[in-house]
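Worksheet: one structure, shown below.
Numbering (the numbering used here), first residue to last: 3 to 118.
Okay, here's the thing in structure tokens:
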């Protein structure tokens, strides 16, 4: 579904969504953390630290730091790949799914409230 927005509307959407997130009691995620979380939940698994780093164009330590934070918030979990112990598999969690479901609802609500 294509959505037509003027740049000012797109910025208003981002601004209002940011305000909704700040006012919410949910964890504050950086844009990098959110990009990783969305990749894990919206793209076909399996997800590895190496794969996420390549996808985002960042180093593995950058992804690891973001996963440390999100793991502490129970938004994702990690386990060693049994087939190749060098790889770390990133897994979805119920808490992460609920976080993104709520975020999706916020996006829809903010978008519907935009002036036409």
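All residues carry an ideal CB built from backbone N, CA and C; glycine is no exception.
Problem set entry | Option in 63, 68, 20 with minimal Cα separation from residue 41 | Measuring C-alpha to C-alpha distances from residue 41 to each of 63, 68, 20 identifies 68 as the nearest.
Problem set entry | Sheet register partners of residue 2 (DSSP bridge) | Nothing can be reported for residue 2: it is not among the residues displayed for the chain, which extend from 3 to 118.
For this session: Below 6 Å CB to CB, which residues in the same chain sit around residue 49 once its five sequence neighbours on both sides are set aside?
Result: Cβ within range, chain order: 42, 92.
Exercise. Is there contact here, the segment 65–81 with the segment 17–32, by at least three beta-carbon pairs under 8 Å?
Worked result: Put simply, the segment 65–81 touches the segment 17–32. At least three CB pairs are less than 8 Å apart.
Exercise. If we count Cβ pairs, one from each stretch, closer than 8 Å, do we get three or more for the segment 54–62 versus the segment 8–27?
Worked result: Taking 8 Å as the limit for Cβ pairs, the verdict is that the segment 8–27 does not touch the segment 54–62.
For this session: Return yes when the Cβ of residue 98 is within less than 8 Å of the Cβ of residue 39, no when it is not.
Result: Closer than 8 Å, so yes.
For this session: Could you pull the start and end residues of the alpha helix (DSSP H) that residue 45 belongs to?
Result: Residue 45: not part of any alpha helix (DSSP H); DSSP gives it neither H nor E.
Exercise. Which of the three DSSP states, helix, strand or coil, is assigned to residue 69?
Worked result: In the three-state DSSP reduction, residue 69 falls in the helix class (H, G or I).
Exercise. Ends of the alpha helix (DSSP H) at residue 103?
Worked result: Segment 96–115, the alpha helix (DSSP H) holding residue 103.
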